[in-house]
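Protein chains: 4
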Amino acid sequence: MTIQVLDKGFVKLIDHLGNDLTAVRAARISFGKDVMDEERDKRLIEHLLKNGHESPFEHIVFTFHIKCPIFVARQWMRHRIASYNELSGRYTQFGEEFYIPKADDPRLKLSDQQNGEICRIFEDAFNQAYDVYRKLLDLKVPRELARIVLPLSLYTEFIWSVNARSLFNFLSLRADSHAQFEMQQYAKAVATIFKQICPWTYEAFIKHRYTGDLLKEGEV
Amino acid sequence: MTIQVLDKGFVKLIDHLGNDLTAVRAARISFGKDVMDEERDKRLIEHLLKNGHESPFEHIVFTFHIKCPIFVARQWMRHRIASYNELSGRYTQFGEEFYIPKADDPRLKLSDQQNGEICRIFEDAFNQAYDVYRKLLDLKVPRELARIVLPLSLYTEFIWSVNARSLFNFLSLRADSHAQFEMQQYAKAVATIFKQICPWTYEAFIKHRYTGDLLKEGEV
Amino acid sequence: MTIQVLDKGFVKLIDHLGNDLTAVRAARISFGKDVMDEERDKRLIEHLLKNGHESPFEHIVFTFHIKCPIFVARQWMRHRIASYNELSGRYTQFGEEFYIPKADDPRLKLSDQQNGEICRIFEDAFNQAYDVYRKLLDLKVPRELARIVLPLSLYTEFIWSVNARSLFNFLSLRADSHAQFEMQQYAKAVATIFKQICPWTYEAFIKHRYTGDLLKEGEV
Amino acid sequence: MTIQVLDKGFVKLIDHLGNDLTAVRAARISFGKDVMDEERDKRLIEHLLKNGHESPFEHIVFTFHIKCPIFVARQWMRHRIASYNELSGRYTQFGEEFYIPKADDPRLKLSDQQNGEICRIFEDAFNQAYDVYRKLLDLKVPRELARIVLPLSLYTEFIWSVNARSLFNFLSLRADSHAQFEMQQYAKAVATIFKQICPWTYEAFIKHRYTGDLLKEGEV
């Protein structure tokens, strides 16, 4: 499952461990109840989240492949209860891929024509930076040093493994109007995939634990 | 896959995320190399562990169901980079299951007959404690309070999710002659399962990262 | 600062890193504001907690010396974002100190006389278990094995370092009527010390983040 | 204590919790030994680290104020067992401060004159990027968006709290010839401060646990 995000990025689910029933099974160890029917499983998930018992949801784990601009990755990797492996600018040459804001970005406050001009300023700046990067590599400057001229809009990629409990926290903070617009788009893509794999958990999370404002009950 | 441990315990693999190739794929994101053949994948795993690059192994996750005495669980749960859900003595009545040392336990230093006597002392003490537990429950003492008469030899159960990197640390400390004998048995059972799921990682771990002394190259 | 808890336990503050102003200073790095007056510092703390910005509070760290029964320690050590060093029953002989419930414990449901009898049942069981422990040691059973006859009411001790953010979570879960009575007493003692060291943070925490029901605004 | 690093950065110790004796005291809880003389305290620290008992060192905590280029901060913040509060480019305007490599940087492979030219290429690129940043701000582009034209060489600042055990790992990986040159300079500055606060721990760490190659016994 892959969701395109921004102009060149994506969120791709690579693998996952467990689903709604994983949390049910883990919780039943604690409370010693036998497995019951589907309706009761669903109610148990709601009961757990309503009462703040989040630990059974740690046994559900997702592994994503993410492609996003560096300024987004910088915010993302502040979430410490997760595992990351990122493309290294020391060992590989970065491709010429930058995030370019759109002229209709609501944060641009001038006329349509002027906003179009602003986007061209971004694009020109990125192209110039990449030209310098290439020139430095030609002058035998090592990749790890040449890359420091590249802007924060550069796309990077990483593998991200995260359990559902940590994902709750990620979504509350990042699928929220206080997060930066670009981060919000990634968080919503992650939420869409989460909902597909764990529909009961997702629904109960939104209802009882989610503190953000972009995800609503009954929709993503 | 279930391995019996001690007189009444077990280590059971419930589920797992990924295998040797998961670490290979995560590492290749960092180093930007294309997927290659099996021989090179195996060499990459060895290279990673030889050079201390443990982060790609965090994307491999195991979920176990463990049954062990409380004094073993107490040591186990000191490993914080993992997820636990344990049977609760507040909400369920504990069964009458205790770990009883064997007469040929090498830590018992007297004659065979005397050692047999020691084992009966253990067993009698456990039975008496359980009788008191039952009596207190009959006197309407709540479970959470009655259980405090139960000894550390009581069996408990828990669900344990742990990534391979954290497992490396667990095995180095617990599959080691400095760990308590009973803990060692559990650690060896965990190692056996780990080896079966991730043979290349296991082999390279034992060769390059393992600091304990019970697991040897080429065997478990 | 030491607070006696239960019949033989305590919570003792050994050392701490920072105070209310530590969080203010850390937050001001993020937001780039200059240091201002006391009234604004206090308002900043309230603003941070009201809006879920908990990370500046991680730079405040407390080190406690705790003495509590093992069944309490077992719940305590499930809090993983903290550091623990516990007295080891493998290397030291446990003292004969057990938590004995009181006859007026509200969970005891019989007559005063019968409840007094229940407390004697507890005490007798603990004394018998300790007699067996001593007997096993006399028979040259090593400490690590002999101790498994000891009950969960046995007192243990540990050093606990925890940052204020993790403490928020601890207090929400443990200073709450859903926690076990004995755990509640320890959580309230920890809260009392926390309040004394970080009065502004404590007040704002109770008002905006605390989800338990035992601590109230304006009191401990 | 402040150490200047690179052309415009620094490592500054703001506060710390405990010292060598903190680890001694925490370890003595586990092993039940009384406090003894200075010579034995020092030997205990060496014994602990020689045998891999790192947990007592978690009770020693350092809080640093760091100023470094973003590409260094990106590597730094991958260390998850620590607390961070960073200057936000969303809420504050970044200053015009960039890390400019020196002409005698050993990674520059051309003639002295050509290397000087390379440094000017870096500097010009940074100035141009900052001009675009300022221009975008003038066009009412919000800070969070305008900053994406800024290069990875931009200086940022953050507060970093880390315990000594996590610091061991940081130094093994970053005070090492495999780390990037700029990161090495910061790691060595951190080591210098660590050594000053905890001389016994530092010495025993270098002798028994350190796996890097830049720090030597008897010197920093």
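Protein chains in written order, with the working numbering: chain A, 2 to 221; chain B, 2 to 221; chain C, 2 to 221; chain D, 2 to 221.
Note that the Cβ used here is the ideal one computed from N, Cα and C, for glycine as well.
As the structure is a computational prediction, the values presented were derived from the model and not from experiment.
With residue i and residue j assumed to form a contact (beta carbons below 8 Å), what rounded beta-carbon distance in angstroms separates them?
i              : j              : result
residue 20(C)  : residue 207(C) : Not really, about 17 Å apart at Cβ, beyond 8 Å.
residue 239(B) : residue 101(B) : This structure cannot settle anything about residue 239(B), because the visible part of chain B is limited to 2 through 221.
residue 160(D) : residue 60(C)  : 6 Å
residue 63(A)  : residue 168(A) : 7 Å
residue 83(C)  : residue 162(C) : 6 Å
residue 156(A) : residue 99(A)  : 7 Å
residue 81(B)  : residue 81(C)  : 4 Å
residue 216(D) : residue 190(D) : That pair is no contact at about 12 Å.
Looking only at C-alpha atoms, which of the options sits nearest to residue i?
i              : options                        : result
residue 171(C) : 149(C), 108(C), 22(C), 214(C)  : 214(C)
residue 107(D) : 182(D), 187(D), 196(D)         : 182(D)
residue 18(D)  : 204(C), 164(C), 205(C), 196(C) : 164(C)
residue 44(B)  : 60(B), 24(B), 62(B)            : 24(B)
residue 128(D) : 158(D), 151(D), 167(D), 53(D)  : 151(D)
residue 68(A)  : 191(A), 158(A), 211(A)         : 158(A)
residue 201(C) : 11(C), 13(C), 41(C), 6(C)      : 41(C)
residue 94(D)  : 203(D), 191(D), 147(D)         : 147(D)
residue 174(A) : 74(A), 83(A), 109(A), 212(A)   : 212(A)
residue 1(B)   : 14(A), 87(A), 156(A)           : Residue 1(B) falls outside the range modelled here, since chain B spans only 2 to 221, and no answer is possible.
residue 4(D)   : 124(D), 188(D), 216(D)         : 188(D)
residue 134(B) : 136(C), 122(C), 111(C)         : 122(C)
residue 184(B) : 193(B), 2(B), 76(B), 130(B)    : 76(B)
residue 204(A) : 39(A), 13(A), 50(A), 126(A)    : 50(A)
residue 145(D) : 195(D), 89(D), 118(D)          : 89(D)
residue 38(C)  : 110(C), 111(C), 22(C)          : 22(C)
residue 26(A)  : 71(B), 85(B), 2(B)             : 85(B)
residue 124(B) : 120(C), 124(C), 130(C)         : 130(C)
residue 56(A)  : 132(A), 28(A), 120(A), 15(A)   : 28(A)
residue 14(D)  : 74(D), 194(D), 119(D)          : 194(D)
residue 112(C) : 190(B), 2(B), 142(B)           : 142(B)
residue 92(D)  : 117(D), 138(D), 104(D), 30(D)  : 138(D)
residue 136(A) : 140(D), 132(D), 149(D), 120(D) : 120(D)
residue 97(C)  : 79(C), 105(C), 109(C), 132(C)  : 132(C)
For the beta strand (DSSP E) that residue i lies in, which residues bound it at each end?
i              : result
residue 158(A) : 156 to 164
residue 13(B)  : 10 to 18
residue 62(C)  : 62 to 70
residue 145(D) : Premise fails: residue 145(D) lies in the alpha helix (DSSP H), 144 to 147, not in any beta strand (DSSP E).
residue 212(D) : Neither: residue 212(D) is in no beta strand (DSSP E) and is coded neither H nor E.
residue 181(A) : No beta strand (DSSP E) holds residue 181(A); DSSP gives it neither H nor E.
Spell out the partners DSSP gives residue i in its beta bridges.
i              : result
residue 202(B) : DSSP, once it has assigned bridges, lists no residue as partnering residue 202(B).
residue 136(D) : Paired residue(s): none; residue 136(D) is not in a bridge.
residue 85(C)  : 161(C)
residue 152(C) : 152(B)
residue 4(A)   : 12(A)
At which residues does the alpha helix (DSSP H) containing residue i begin and terminate?
i              : result
residue 101(B) : Per DSSP, residue 101(B) belongs to no alpha helix (DSSP H) and is neither H nor E.
residue 91(A)  : Neither: residue 91(A) is in no alpha helix (DSSP H) and is coded neither H nor E.
residue 48(B)  : 39 to 51
Please tell me whether, using a cut-off of 7 Å, the distance from the CB of residue i to the nearest non-hydrogen atom of the ligand NAP is below it.
i              : result
residue 168(A) : For the structure depicted, the ligand NAP is absent and the ligand set is empty, with no information on it obtainable.
Selection of the segment 199 to 217 of chain D by Cβ proximity to chain B, strictly under 8 Å: 212
Short-range partners of chain A found in the segment 133 to 150 of chain D, where Cβ spacing is below 8 Å: Cβ contacts with chain A: 133, 136, 137, 140, 141, 142, 143, 145, 146, 148, 149, 150.
Contacting positions in the segment 64 to 78 of chain C - beta carbon closer than 9 Å to chain B: 70, 71, 72, 74, 75, 78
Near-chain B residues of the segment 177 to 199 of chain A - C-beta to any C-beta below 8 Å: none
Interfacial residues, the segment 46 to 66 of chain C to chain A, with Cβ spacing under 9 Å: 52, 53, 56
Residues in the segment 78 to 105 of chain A having any Cβ partner in chain B nearer than 7 Å: 84, 86, 87, 88, 89, 92, 93
Contact residues within the segment 7 to 22 of chain A, judged by C-beta distance below 9 Å to chain B: For the segment 7 to 22 of chain A, residues whose beta-carbon sits nearer than 9 Å to a beta-carbon of chain B comprise 15, 16, 17, 18, 19.
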